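Encoded as structure tokens, the structure appears first; notes follow it.
In the working numbering, the protein residues as written are 136 to 361.
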């Protein structure tokens with residue numbers, strides 16, 4: 136973990152001061168921020184996780200709304216500390232939540248937050264890429280991989296491939312592809328679409344797969360999965 140915020144919600148019991156100090160010590164590289172009423176978007180953007188003490192938060196309308204926002208935030212790894220008697224009160228959804236039960240061990244909190252962090256990152260990666268047989272298009276990194284090897288595509292080649300792969304089975308005319316990828320400012324003809332398709336095919340097609348199919352007299356489509 137690096138120097139980012141970790142949000143603390145709850146921990147209002149004075150007897151928990153020692154526990155908070157232990158959590159602060161074990162997360163020595165991170166800055167702990169107590170949140171009470173509102174969730175600052177800027178603080179949230181620099182936060183790698185949240186530790187929620189479900190048994191010791193200020194019950195009330197605003198606090199319940201804030202608790203609900205924290206729990207439902209799929210992009211925020213979190214550890215919820217609760218007791219066996221109150222566990223059923225939690226309305227939990229998502230895969231980036233870890234549960235700790237009282238009595239609390241700070242090292243367990245850290246381990247569980249790291250597990251949630253890894254799971255959240257993995258989920259984010261999977262949600263931002265296109266997988267098709269042995270071809271992977273990473274939408275966050277603008278990368279294309281084939282059989283584990285990174286391909287060298289130009290920006291227009293990448294954009295054209297992504298556009299087709301995002302709509303498998305749908306046929307696009309050369310005119311639509313030209314307008315969508317090159318915009319109305321481009322004064323060349325549809326021949327440039329054919330040239331880029333040919334270049335893309337030379338990089339992604341192999342004996343096992345032919346990803347882009349030609350619809351004669353119309354245009355191109357990215358084939359459906361078998």
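Each residue gets a CB set at the ideal place from its N, CA and C atoms; glycine is no exception. Please read these numbers as outputs of a predicted model, since none were measured by experiment.
If you ignore the 5 residues before and after residue 255, its C-beta comes within less than 6 Å of the C-beta of 212 and 231, all in its own chain and listed in chain order. Take the alpha-carbon of residue 182 and the one of residue 299: they are about 35 Å apart.
188 is the residue among 301, 179 and 188 whose C-alpha sits nearest the C-alpha of residue 148. Beta-bridge analysis with DSSP links residue 347 to 357. DSSP links residue 284 through a beta bridge to 281.
Judged by DSSP secondary structure, residue 270 falls within the beta strand (DSSP E) whose first and last residues are 270-273. Contact between residue 305 and residue 356 holds: their C-beta atoms lie close to 6 Å from each other, under 8 Å.
Each residue's CA atom was taken as its position, placing residue 329 and residue 210 some 40 Å apart. Within its own chain, the residues whose Cβ lies closer than 8 Å to the Cβ of residue 288, once the five positions on either side in sequence are excluded, are 279, 296, 335 and 338, listed in chain order. A check of alpha carbon separations from residue 283 across 317, 308, 291 and 271 identifies 271 as the nearest.
Taking every protein chain shown into account, the CB of residue 248 has 16 or more other CB atoms within 10 angstroms, so this residue is buried.
At the C-beta level, residue 234 and residue 186 stay beyond 9 Å of one another. Contact check for residue 144 and residue 155: beta-carbon distance about 12 Å, past the 8 Å limit, so the pair fails to qualify. C-alpha of residue 168 to C-alpha of residue 178: approximately 9 Å in a straight line. Taking a C-beta distance under 9 Å as the contact criterion, residue 286 and residue 184 do not qualify as a contact pair. A Cβ-Cβ contact shorter than 9 Å links residue 307 with residue 315. Looking at the DSSP output, residue 184 bridges to 141. Excluding the 5 residues flanking it on each side, residue 221 has same chain C-beta neighbours closer than 7 Å at 189 and 190, in chain order.
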